[in-house]
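Report on one structure; see the data block that follows.
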């Protein structure tokens, strides 16, 4: 039982709160029964399980890989408001998906909740891959992971420079749909045929101009009321499901 | 210039952080240039403007209604991580909308971000009214208001018991679409004609059974991948825009 917040392991776990620490160890922290169960059932490489005293080992890992900690130590590690007393260290690994018709391209999404929700929606809509362009919030940020509700373990997610990814997708036969409010067509009038890559951008400025210039089709979602715009996660949801109809 | 956090006005403003305080004074607090400008341009009743020292009065209100406060006092009042040094007390008032074809009914939505985003999307989709059923998070919660991005001032939002609201909407010719995963039809196969009220529910349990029994049509959004469900705000966005096509 680890009772000291100065313990070496505790310090290592807390390093996973930062992107730098996650990059150095090539692993990340997840919390709560639902996420850890998803990691287990999708055969992620769970390196360690951290249990608060009083919490039983659910049997996913042999005791060698389980650390028991006091409540005060767990409170140092947790990043949630209502901790469940169970956390795990998971190795980053790439996930393969079969269907290759729909790809989501994200340009500099900043809000962790937006990114996590878009991953969850892309999973639900049966998209095969998500590519995170430069300036996007770290995929392994705790808020991102929580908002994915486990979808981070279901769908291929890569990082890349969209200026080189887009030409390569075009060569593979993808049509690139760039979202913008200017000189764009109403999505509802466009039919989705063949392979499509959907490009959405930053909460403030939208998709950058240089990426829009690479798109085959500019699309918009009309605003019928007085809102200035839609939340990017909502726009992504409407468009991804439009493509699947 | 108010420099003491013990000042009577400061205490009154801080009461607006709680639902109880907002109900007692029938007013709420908003922050930041964008929201206050929206409140002004939509002719809300702005009772007071609170400016941090160094921030100029943008001229929306006469000086009689403006309080200047020190930075430390503003930090007591603010509920944002990156305060802009400008806040306002706004009287609650009902907003009238013209078009009466589309209503959003929300059963016990708990997350402020979800509620705020749904209000913003309903505004964008040209819905005429939102009715918040029992158990829904307080409309005037600061996180809700922030997520609406000003749409709280654009669309009629009422509170009511959905068990009595739904029969009354039916009498007015509305068809009630209840969202559920069980025994429901794929929304994409349903055409939207006439007046429709869309019913969405709590993040954990969905729409309550007793309300689903009052619906004319049960609808679902199909899951093509391995996600268990969609975020309720995303589901609302997909369905609201489906109705508008």
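Chains as they are written, first to last, in the numbering used here: chain L, 66 to 310; chain G, 66 to 310. Idealized CB from N, CA, C, for every residue including glycine.
Open item on the list: Check for me: the beta strand (DSSP E) holding residue 132(L) runs from which residue to which?
Closed with: Segment 131 to 134, the beta strand (DSSP E) holding residue 132(L).
TODO: Can you tell me the Cβ-Cβ gap for residue 112(G) and residue 75(G), rounded? I've got them flagged as a contact below 8 Å.
DONE: The Cβ separation is near 15 Å, so there is no contact.
Open item on the list: Quick check on DSSP: helix, strand or coil for residue 188(G)?
Closed with: Looking at residue 188(G) - three-state DSSP - the assignment turns out to be helix.
- [ ] Would you please verify whether the beta carbon of residue 163(G) is less than 7 Å from any beta carbon of chain L?
- [x] No, its Cβ sits nowhere closer than 7 Å to a Cβ of chain L.
Open item on the list: Below 8 Å, how does it come out for the segment 278 to 298 of chain G and the segment 180 to 191 of chain L: are there three or more Cβ pairs, yes or no?
Closed with: For the pair of segments examined, the segment 278 to 298 of chain G was found to touch the segment 180 to 191 of chain L: the number of CB pairs separated by less than 8 Å reaches three.
Open item on the list: Could you check whether the Cβ of residue 306(G) sits closer than 7 Å to any Cβ belonging to chain L?
Closed with: At least one C-beta of chain L is nearer than 7 Å to the C-beta of residue 306(G).
TODO: With DSSP as the reference, label residue 91(G) as helix, strand or coil.
DONE: In the three-state reduction of the DSSP assignment, residue 91(G) falls in the coil class, being assigned neither a helical nor a strand state.
- [ ] Name, please, each residue of chain L whose Cβ falls closer than 9 Å to the Cβ of residue 87(G).
- [x] By Cβ distance, chain L contributes nothing, its closest Cβ being about 22 Å from residue 87(G), past 9 Å.
- [ ] Would you tell me roughly how many angstroms separate the C-alpha atoms of residue 94(L) and residue 131(L), rounded to the nearest one?
- [x] Whole-angstrom Cα-Cα distance: 14 Å.
Task: Option nearest residue 295(G) by Cα separation, candidates 308(G), 277(G), 267(G) - done: Ranked by Cα distance from residue 295(G), the first of 308(G), 277(G), 267(G) is 267(G).
Open item on the list: Does residue 97(G) come out as helix, strand or coil in the three-state DSSP assignment?
Closed with: Secondary structure at residue 97(G): coil, using DSSP grouped into helix, strand and coil.
- [ ] Compare the Cα-Cα distances from residue 257(L) to each of 211(L), 167(L), 210(L), 101(L) and report the closest residue.
- [x] Taking only the C-alpha atoms, the option nearest residue 257(L) is 167(L).
- [ ] Decide if the segment 110 to 124 of chain L is in contact with the segment 149 to 163 of chain L; the criterion is three or more beta carbon pairs, one per stretch, under 8 Å apart.
- [x] Taking one beta carbon from each stretch, the segment 110 to 124 of chain L and the segment 149 to 163 of chain L have 3 or more pairs nearer than 8 Å; the two touch.
Task: Continuous beta strand (DSSP E) stretch holding residue 171(L): start and end - done: Note, residue 171(L): beta strand (DSSP E), 167 to 172.
Task: Rounded separation between residue 312(G) and residue 125(L) - CA only - done: This structure does not reach residue 312(G), given that chain G is present from 66 up to 310, and the question cannot be answered.
Open item on the list: With three or more C-beta pairs closer than 8 Å as the rule, is the segment 66 to 75 of chain L touching the segment 128 to 144 of chain L?
Closed with: Touching, yes.
Open item on the list: With a threshold of 7 Å between beta carbons, is residue 99(G) in contact with chain L?
Closed with: Residue contact check for residue 99(G) against chain L: no CB pair falls below 7 Å.
Open item on the list: Taking only three categories from DSSP, how would you classify residue 116(G)?
Closed with: In this structure, residue 116(G) counts as strand in the three-state DSSP scheme.
Open item on the list: Give me the residue from 232(G), 269(G), 230(G) with the minimum Cα distance to residue 246(G).
Closed with: Closest option to residue 246(G), Cα to Cα, is 269(G).
TODO: Taking residue 282(L) as the reference, give the member of 174(L), 220(L), 249(L) with the closest Cα.
DONE: Checking every option, the nearest Cα to that of residue 282(L) belongs to 249(L).
Task: Proximity below 7 Å, CB of residue 234(L) to CB of residue 276(L) - done: Not a contact, by the Cβ cut-off of 7 Å.
Task: Beta-carbon gap between residue 133(L) and residue 118(L) smaller than 7 Å - done: In contact: residue 133(L) and residue 118(L) (Cβ atoms closer than 7 Å).
- [ ] Under 8 Å by Cβ, that's how I've got residue 243(G) and residue 280(G) pegged, so tell me the actual separation to the nearest angstrom.
- [x] For residue 243(G) against residue 280(G), the beta-carbon gap comes to about 3 Å, under 8 Å, which counts as contact.
- [ ] Have a look at residue 110(G) and residue 158(G) and give me their C-alpha separation to the nearest angstrom.
- [x] So the alpha carbons of these two residues sit roughly 8 Å apart.
TODO: Below 8 Å CB to CB, which residues in the same chain sit around residue 161(G) once its five sequence neighbours on both sides are set aside?
DONE: Taken in chain order, the residues that qualify are 221.
- [ ] Determine the closest residue to residue 259(G) out of 232(G), 219(G), 310(G), with distance taken between C-alpha atoms.
- [x] When only C-alpha atoms are compared, the closest one is 310(G).
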